Structures are given as structure tokens and as C-alpha cells.
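Here's the structure, in C-alpha cells; my notes come after.
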Amino acid sequence: MDALMAAADGERAKKKGIRKAIVTFVIAMVALTFFSNTLLGISLAEVTTEKALAGTLSHEVTGSGTVESAETADVYVETNWAASEVEVKVGDTVKAGQELVVFKTRETEDSLQDNQARYAQKQLSLEKLQENYQDTFRSNDEKQLRSIARDIESTQLDMQILERQIANQQRQLKEFSRMAAPVSGIVTAVNAVKGAPVPSGKAAVSIADLSKGQQMKATIDDAKAPYVTVGDKTELIFSTLNNARISAQITDIRDAISPSGSNQSSPSTQKGKEITFTLKDDRLKGGETAEFDIVKKTASLRSLLPNDAVREDDQGTYVLLLKEKKGPLGTEYVAQRANVQIGDADDTKTSIENGITPLDKVIVSSSKSISDGDRVRAND
1 MDALMAAADG ERAKKKGIRK AIVTFVIAMV ALTFFSNTLL GISLAEVTTE
51 KALAGTLSHE VTGSGTVESA ETADVYVETN WAASEVEVKV GDTVKAGQEL
101 VVFKTRETED SLQDNQARYA QKQLSLEKLQ ENYQDTFRSN DEKQLRSIAR
151 DIESTQLDMQ ILERQIANQQ RQLKEFSRMA APVSGIVTAV NAVKGAPVPS
201 GKAAVSIADL SKGQQMKATI DDAKAPYVTV GDKTELIFST LNNARISAQI
251 TDIRDAISPS GSNQSSPSTQ KGKEITFTLK DDRLKGGETA EFDIVKKTAS
301 LRSLLPNDAV REDDQGTYVL LLKEKKGPLG TEYVAQRANV QIGDADDTKT
351 SIENGITPLD KVIVSSSKSI SDGDRVRAND
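Residues in the sequence shown are numbered consecutively from 1, following full-length UniProt numbering.
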């Protein structure tokens with residue numbers, strides 16, 4: 001009897017040990033699975049998400065340029081006289097009528113006197129020919145008359161040439177012996193040098209006409225050009241004037257001029273638009289540098305996402321959505337591709353025309369590279 005009871009107790013102990021081992025094994029497997037999933041979760045890419053929201057885009061156009069006079073008076077001379085005195089230099093302020101350059105005119109004055117003397121000689125010759133013609137006319141010598149008539153006509157032509165030369169020399173001496181400023185303003189260029197003629201084709205002196213205001217030209221990227229138009233008003237910021245803001249208006253937009261000598265077929269030399277601002281401020285003398293920042297806001301758009309959320313590959317434009325999946329050990333998160341059609345965009349946001357809903361969680365950033373179907377870890 002005692003033996004049977006002992007056997008039964010041993011059997012019960014054995015079964016109890018088996019049950020305990022099974023429970024321990026299950027707990028161990030659950031623990032291993034849990035820790036395995038935990039380690040896997042930690043190794044997954046961590047992502048942040050946003051939902052598409054309605055809003056506006058802000059297109060910002062920035063740049064800088066150098067102020068110059070809106071109009072410049074270029075003073076030319078048509079003679080090759082050497083300058084005897086140059087009264088101004090670049091940067092000088094001048095008034096209308098102020099003397100700029102004095103030229104050496106001695107040779108032209110002497111030439112004028114010589115031509116006047118030749119004219120007087122021709123006049124005497126003409127008077128004598130006319131007397132001879134009268135005498136010959138009475139003698140009825142037709143051949144001699146024709147010869148004298150030709151001499152008279154030739155002398156008169158010579159006198160006409162001398163008259164024009166004399167008139168031109170007198171005009172040059174009157175207009176160019178002393179050069180005066182045609183307008184009040186700032187001298188921007190001086191090509192007259194004492195003792196030498198002014199180079200051909202160049203203005204002796206150039207003067208910025210301050211009464212006409214100023215202008216500033218700047219080049220912007222073609223991509224920014226649609227967001228500025230002629231007539232737009234803005235403020236130019238001058239750091240050299242204690243960050244003064246001066247009102248200006250865009251008066252011209254055109255293709256930027258390629259640098260001289262550059263390859264005209266090169267795309268890099270053809271891109272960009274040159275915009276011209278006009279302004280007027282008595283503090284400006286020309287040469288100051290200014291910056292501008294023009295912001296144009298769009299009408300309200302129904303679906304905007306950060307630019308970083310929009311991706312592109314050979315199959316088109318898309319975003320990655322954060323999708324939940326229920327598993328035996330809880331919720332899993334997966335990145336799912338959604339093809340989208342985009343519209344306008346600014347420096348930070350893009351308009352999504354279709355492909356997602358306002359409830360979709362769109363992956364904006366991730367701790368590592370991800371693609372469609374990858375498991376991820378949500379950053380709550």
C-alpha cells in the first residue's frame with residue numbers, strides 16, 4: 001500500500017515538473033519574442049508625420065544691386081583738340097553751366113584766320129573776274145567769255161567751301177573751346193586728360209542727373225521671375241545708410257545680358273532676368289549697394305505639405321504614408337507609397353492636388369532611408 005502511494009506521489013511530481021517546464025518554456029518564448037520585437041522596434045527607422053493642411057504659399061524673391069543715376073548726361077566733343085585744363089574729377093558735384101574742361105584751340109584759331117584770308121583773296125579774284133567778263137562781253141569774244149564764266153563759277157564754289165569751313169570752325173570754337181555741365185549732378189566718368197585729346201567715341205565727361213532720380217538693376221533666377229511684375233512696389237534696404245528703407249518700384253524686367261565674351265550658347269549664361277527698380281532719394285549719390293526682399297502670397301490652397309515629404313523617382317511623384325497594422329503583439333507601423341499630383345510650391349511647402357486625404361499621416365522625415373513597405377517606428 002505504501003508502495004502504491006509512493007508511486008502515485010512520484011507520478012504527480014513528475015507531471016507537476018512537466019507543467020512547470022512547459023510554463024517556463026512558454027514564458028521564455030514570450031519573453032524572447034517580446035525582447036526580439038523590442039530590439040527590432042529600436043532598430044527600425046523613426047519617422048515623424050504631418051497631415052496636409054490648408055494654407056497659403058509665400059514666394060520670396062531676394063537679391064541686391066548697385067544704385068546708379070536713372071539718367072546720365074554724356075558730354076561729347078567733335079574735335080581732336082587736346083585738353084589744356086580738366087576742372088573736375090569723378091565724384092565731384094557740379095551745377096548746370098559749371099566749367100568742366102578747357103581745350104587748346106590755337107591751331108583751329110590760326111586755321112580760321114587762314115581760311116578767312118583765303119576767302120578774302122577769293123573775293124578779290126571774283127571781283128576781278130567779273131570785271132574781265134564785262135570787258136570781254138563788249139568785245140563779243142564768245143570763247144573768252146565761256147572761259148571767264150567757268151573761272152567765276154569755280155571761284156564761287158571755292159568760296160562756298162571756305163564759307164562752310166569758316167562757319168564750322170567758328171561754331172566749334174564757340175561750342176567746344178570750353179565745356180560746361182549741361183545738368184546739375186555727380187560726375188561719374190572723366191575721359192578728358194590734360195595734354196591729350198578725348199578718345200574717339202567716348203564722352204569727355206559723364207554726369208549723373210540727380211534730378212531724374214536713381215535706378216538699381218539686379219538679376220534673379222528664372223524660377224523666381226513669375227513672382228515679380230512691372231509696377232510692383234517694394235523697399236530697398238541700404239546697410240550703408242543705417243539700414244534705411246527706401247521705396248522703389250519695378251519699371252522693367254528683361255532677359256539678363258550674358259557676360260561679354262562668354263559662350264552665348266551656354267545655358268548658364270542665358271538664365272536669369274534683369275529687373276530694374278526706380279527710386280528717388282536725396283541721400284543717394286550713386287554706387288550704394290541695396291538689398292531687396294519681395295514676398296508674394298498665393299490664394300488659399302486646400303492641401304499643403306512640407307517639401308521634404310514630397311519624393312520623386314522614375315515612376316513619378318509620391319509621398320509615404322504611415323499605416324497601422326494590428327499584430328499579435330500590438331500595433332505595427334508600415335510606410336506605404338501614395339502617388340500624388342503636385343501644384344505650386346515655395347521654399348518650404350508644396351501644394352498637393354490629389355492622391356491623399358486630410359486624414360492621412362504623411363511621413364515628413366525619418367532617422368534612416370525608408371521605402372514602400374518598410375516597417376517603421378512612429379515618433380509620437
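Just so it is clear, CB atoms sit at the ideal spot from N, CA and C, and this is done for glycine as well.
Only a predicted model underlies this, so the values are computations on that prediction, with no experimental measurement involved.
Quiz item: What distance in whole Å lies between the Cβ atoms of A335 and I363, which are believed to be in contact at a cut-off of 8 Å?
Solution: Their Cβ separation, rounded to whole angstroms, is 6 Å, which keeps I363 and A335 in contact under 8 Å.
How big is the Cα-Cα spacing for R311 and I294?
28 Å
| field | From T79, K95, S84 and V230, residue whose alpha carbon lies closest to that of R171 | value | T79
Item to complete: For L157, count neighbouring Cβ atoms within 10 angstroms of its own Cβ and tell me buried if that reaches 16, exposed if not.
Response: exposed
Practice prompt. Work out the CA separation of L129 and D151 for me, nearest whole Å.
Written response: Taking C-alpha positions only, D151 is separated from L129 by approximately 7 Å.
#### Entry: Limits of the unbroken alpha helix (DSSP H) element including N339
First-last for N339: G330 to N339, but that is the beta strand (DSSP E), not the alpha helix (DSSP H).
Relative to the C-alpha of R164, which residue among E127, Y119 and K361 is closest?
Y119
**Item:** Every unbroken beta strand (DSSP E) within the segment 110 to 192, with a cutoff of 3 residues, ordered by chain
**Value:** 178 to 180 and 185 to 190
Practice prompt. Would you decide whether G185 is buried or exposed? Buried here means 16 or more other CB atoms lie within 10 Å of its CB.
Written response: buried
Using only alpha-carbon positions, find the residue among L100, K273, D74 and A54 that is nearest to A225. Minimum Cα distance to A225 is reached at K273.
**Whole-number beta carbon distance between A309 and V47, since they are thought to touch under 8 Å** = Contact flag wrong, Cβ pair sits at about 11 Å.
Q. Can you tell me whether DSSP reads S206 as helix, strand or coil?
A. Residue state for S206 is assigned as strand, using DSSP reduced to three classes.
Q. Does the pairing of the segment 332 to 350 with the segment 361 to 375 give three or more beta-carbon distances under 8 Å?
A. yes
- Does the separation of the CB atoms of K217 and T289 fall below 8 Å? In this structure, T289 does not lie closer than 8 Å to K217 by Cβ.
Pull up the CB-CB distance for V88 and L100, whole angstroms please, since I reckon it's below 8 Å.
-> 5 Å
_Under DSSP, the beta strand (DSSP E) around K349 begins and ends at which residues?_
For K349, the enclosing beta strand (DSSP E) begins and ends at K349 to N354.
Next item on the list: Kindly identify the DSSP beta-bridge partner or partners of P358.
Entry: Paired residue(s): none; P358 is not in a bridge.
For F292, count the other beta carbons within 10 Å of its own beta carbon; 16 or more makes it buried, fewer makes it exposed. Which is it? Answer is buried; the Cβ neighbour count reaches 16.
**Reduced DSSP secondary structure (H/G/I, E/B, other) of P197** = Correct three-state label for P197: strand.
Expressed to the nearest angstrom, what Euclidean distance is found between the alpha-carbon atoms of K271 and A248?
-> 25 Å
Next item on the list: Could you check the C-alpha separation between D252 and L359 for me, to the nearest Å?
Entry: Near 46 Å, if we compare the C-alpha coordinates of L359 and D252.
Problem set entry | Short Cβ contact (8 Å threshold) for A196 with A83 | yes
Residues bridged to L305 by DSSP? T350
> Which of the three DSSP states, helix, strand or coil, is assigned to S371?
Replying inline: coil
To the nearest angstrom, report how far apart T229 and D255 are at their CA atoms. Taking the straight line joining both Cα atoms gives about 14 Å.
field: Beta-carbon proximity list for T155, same chain, < 8 Å, skipping 5 on both sides
entry: K122, S125, L126 and L129
F103: buried (16+ other C-beta within 10 angstroms of its C-beta) or exposed?
buried
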